[in-house]
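Q: I'd like to ask you about the structure that follows.
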Amino acid sequence: FKTYFASIFPIFQWIHRYNLTWLVQDLIAGVTVGIVIVPQSMAYAKIANLDPQYGLYTSFVGVTLYCFFGTSKDISIGPISTVSLLVSSVVNSVIKIDPSITPSEIAVTLGLFAGIIMLIISFLRLGILVDFIPEPAIAGYMTGSAITIVLSQCPKLFGIPDVSTHESPYLIFGNVLAKLPHTQLDVAFGLVSLVFLYTIRFACARYTAKSPALRKAVFLFGIMRNGLIVIVGTFISFMICRGRSTSPISVIQSVPAGFDAMGIPALRFDILQEAGGILPSIVLILILEHISVAKSFGRIYDYQISPDQEILAIGVSNIVGSFFGGYPATGAFSRTAIMARSGARTPIAGVFSGAIVVLALYALTPAFYYIPDAVLAAVVIHAVSDLASGKKYLKELWHASSAEFFVWVSAVLVTIFVDVETGIYAAVGLSLILMLYKLARPPVKTLARIATRDDDKPTIAEMYLDSQGNKTTTDVSTDKDKRYVYVDAADPNFKDYITPVPAGTLILKLCDSVLYPNAEHISDAIVHTVKQKTRCGNTADMNKSDSDRAWNHSAQTHDFDALQLPVLEALILDFSAVCRLDATALQILATTRDTLDRYAGSAVEWHFTGLQGEPVRRALLHAGFG
């Protein structure tokens, strides 16, 4: 029980070593991130069609609780843009059906049930399932979501009224263009804020490169840019609105002090019924975002994270968060990066971030009234622009795998032209189809041999290098000096150096484990290669007339080139990439052996090389290959 308790609460594994040095560094990092959290979480709440304070409630619980359950020193849990967009979609769809339900009730219900699902996933140790979702699928969805969020914030950025942000992104874009002449004073706040944020960002990056000695100071100034623009924008807004009965710009207005929404959340199964189609995608994004961020920073700073424990941490955070009025939250890359670069030593840094959020909720809410919506829109656009995949990533993806590039493009297009929840399902679905196709269609390569040389004669590498310029090496070793390496016969780099294998022998390499999804394909590939490289040795079949021969058997007796081919005598299979064999695969291999025996007219010798472990060897012996 003690071991299990320690695994649930990792804090007890290191808290006894906590010291003053760690405390000071955690305090600095926590306060730094807290200053970033306040404006960012309020902006993300607006994406979710919630009042700004719900973003603060969500952030407080996430950053405070994580230190008890988390295994990463850098993670900062709170609202993120992509999940806020999904929550917005649910809020809009549920309110259309039942306008009596408030957006906060919907969001809190989503947080509660998402937390319960993640708790179940953690206890069942199902975190391995996230490994089935490749990075290009998530990158495509994130890019599509970033574009969607940017377009949905454009009406607020430009102060354009009467533009519905509940439609598909391309429709929002068209409506914004059509109504550009109707922009309000908000556009000045929005565009100036956006220019300021990007100017500070690029200036800090430039000065950091030029003046490494000032790196820390420049970094701290750079991460304050969100808070700074909100403060300046709020002050100007206050000066403009002071003494007026109506505001000439759109502001967020009253924000209640403290935890106004605290209470026991109701189990609203009616909301769950309406949101059932989107809830799995919310859970999926919460887990994928968190685990990918935690693993990334674990690799950078040389520590291990436990995926199942991390899922437990965000599950508990979301369940407890629903009692405070929080909506679905997870670890965010931007805040985590700031936490890491600020020098956090332990997860306790999050507690200090939570203290800043509490301070904002109790001391700064009167000032929140005058925060311009256009400024928050600029903060959102600036933050989500990092979600979009860059040119370098896309170039590398295209060269690495055109199929995965297609998955990325599909995820982006579906997210933009349909909706965000369909986008994530399309990305995951295409990825699984691609994975299953690769599993079911592994390549079967024909191997050829290249003679290496003794120590007194040039190597094959030297011969190949000579061939690129003036090839002068022509001497070859005697048969007894020869050693062979085996390469892909289709590789053009080695075609001039291939030594023929003995007549009647074929060497094939299986490039994956042989299991029921791919066993038939591998068998067909083996038989096809044998018939391509050798001739039929079954004299009874060869002597049949055309009228007696089966319709699908070629007449090799009339094919002079085919008659020059040898009869198959031995088949060598390279099993170095085969780690597993199942019952179906063994049965199909045995059937393939019988097929080749009939084709060759006599028993073909089967040889296996590179066997990986005793289970594979034992399975082949039991199947009669030995």
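End of the sequence shown sits at 631 in my numbering; the numbers just go up one at a time, nothing left out.
Even glycine gets a Cβ: it sits at the ideal position worked out from N, Cα and C.
Under the three-state reduction of DSSP, which class applies to residue 489: helix, strand or coil?
A: The answer is strand: DSSP assigns residue 489 an E or B state.
Q: Can you tell me which of the three DSSP states residue 630 falls into?
A: It is coil, neither helix nor strand.
Q: Under 8 Å between the Cβ atoms of residue 355 and residue 69?
A: Taking 8 Å as the Cβ cut-off, residue 355 and residue 69 qualify as a contacting pair.
Q: What is the DSSP secondary structure of residue 619, reduced to helix, strand or coil?
A: Helix, per DSSP.
Q: Thinking just about the alpha-carbon of each residue, which of 621, 596, 174 is nearest to the one in residue 584?
A: Nearest of 621, 596, 174 to residue 584, Cα basis: 621.
Q: Are there 16 or more other CB atoms within 10 angstroms of the CB of residue 147, so buried, or fewer, so exposed?
A: Buried is the call here.
Q: CB-CB under 7 Å to residue 615, same chain, minus the five flanking residues each way: which ones, in chain order?
A: Taken in chain order, the residues that qualify are 579, 580, 581.
Q: Assuming the contact rule is C-beta atoms closer than 8 Å, residue 632 and residue 67 should be a hit. Round their C-beta distance to whole Å, please.
A: Not covered by the structure: residue 632. The range shown for the chain is 6 to 631.
Q: Between the segment 81-89 and the segment 51-60, are three or more C-beta pairs nearer than 8 Å?
A: The segment 81-89 is in contact with the segment 51-60.
Q: If you count every other CB in all the chains shown that lies within 10 Å of the CB of residue 308, and 16 or more means buried, which is it?
A: Label assigned to residue 308: exposed.
Q: Could you give the uninterrupted runs of the alpha helix (DSSP H) lying entirely in the segment 214-279, keeping only those of 4 residues or more?
A: Complete alpha helix (DSSP H) runs here, min 4: 220-228, 230-246.
Q: I think residue 398 touches residue 588, with their Cβ atoms under 8 Å apart; what is that distance to the nearest whole Å?
A: The Cβ separation is near 42 Å, so there is no contact.
Q: Could you check whether the segment 509-525 touches the segment 440-448, counting it as contact only if at least three pairs of C-beta atoms, one from each stretch, sit closer than 8 Å?
A: They touch, by the three-pair rule.
Q: If you drop the 5 nearest sequence neighbours on each side, which residues of the same chain put their C-beta closer than 6 Å to that of residue 180?
A: The answer, listed in chain order, is 168.
Q: Are there 16 or more other CB atoms within 10 angstroms of the CB of residue 260, so buried, or fewer, so exposed?
A: Answer is buried; the Cβ neighbour count reaches 16.
Q: Does the beta-carbon of residue 211 have 16 or more other beta-carbons within 10 angstroms, so that it is buried, or is it exposed?
A: It is exposed - the Cβ of residue 211 has fewer than 16 other Cβ atoms within 10 Å.
Q: Please go through the same chain and pick out, in chain order, the residues whose beta-carbon is closer than 7 Å to the beta-carbon of residue 320, but skip the five residues on each side of it.
A: Taken in chain order, the residues that qualify are 120, 123, 124, 127.
Q: Given a cut-off of 8 Å, decide if residue 90 and residue 280 are closer than it, judged by their beta-carbon atoms.
A: Against a cut-off of 8 Å, the Cβ pair of residue 90 and residue 280 comes out as no contact.
Q: Taking 8 Å as the cut-off, decide whether the C-beta atoms of residue 445 and residue 526 are in contact.
A: Closer than 8 Å, so yes.
Q: Contact check, residue 79 vs residue 388 under 8 Å by CB: the rounded distance?
A: Rounded, the Cβ-Cβ distance is 18 Å, inconsistent with contact.
Q: Starting from the Cα of residue 233, find the closest Cα among 199, 117, 407 and give me that residue.
A: Measuring from the Cα of residue 233, the nearest candidate turns out to be 199.
Q: Nearest-angstrom Cα distance between residue 586 and residue 344?
A: Taking the straight line from one Cα to the other gives about 47 Å.
Q: Please name the residue or residues paired with residue 579 in a DSSP beta bridge.
A: DSSP, once it has assigned bridges, lists 514, 614 as partnering residue 579.
Q: Please go through the same chain and pick out, in chain order, the residues whose beta-carbon is closer than 8 Å to the beta-carbon of residue 447, but skip the five residues on each side of it.
A: So the qualifying residues of the chain are 515, 516, 517, 523, 526, 527.
Q: Mapping the DSSP letters down to three states, classify residue 170 as helix, strand or coil.
A: Three-state DSSP puts residue 170 in coil, outside helix and strand.
Q: Please confirm whether residue 329 has its beta-carbon closer than 8 Å to some beta-carbon of chain C.
A: The structure shown has no chain C; it contains just one protein chain.
Q: For residue 495, name the three-state secondary structure that DSSP assigns.
A: Three-state result, residue 495: coil.
Q: Apply the 10 Å Cβ neighbour rule to residue 403 and answer buried if 16 or more other Cβ atoms are within range, or exposed otherwise.
A: With fewer than 16 other Cβ atoms within 10 Å, it is exposed.
Q: Using three-state DSSP, classify residue 506 as helix, strand or coil.
A: Residue 506: coil per DSSP, three-state reduction.
Q: Where does residue 334 fall in DSSP's three states?
A: Looking at residue 334 - three-state DSSP - the assignment turns out to be coil, as it is neither helix nor strand.
Q: Hey, out of 532, 323, 424, whose CA is closest to residue 60's CA?
A: Comparing Cα positions, the closest option is 323.
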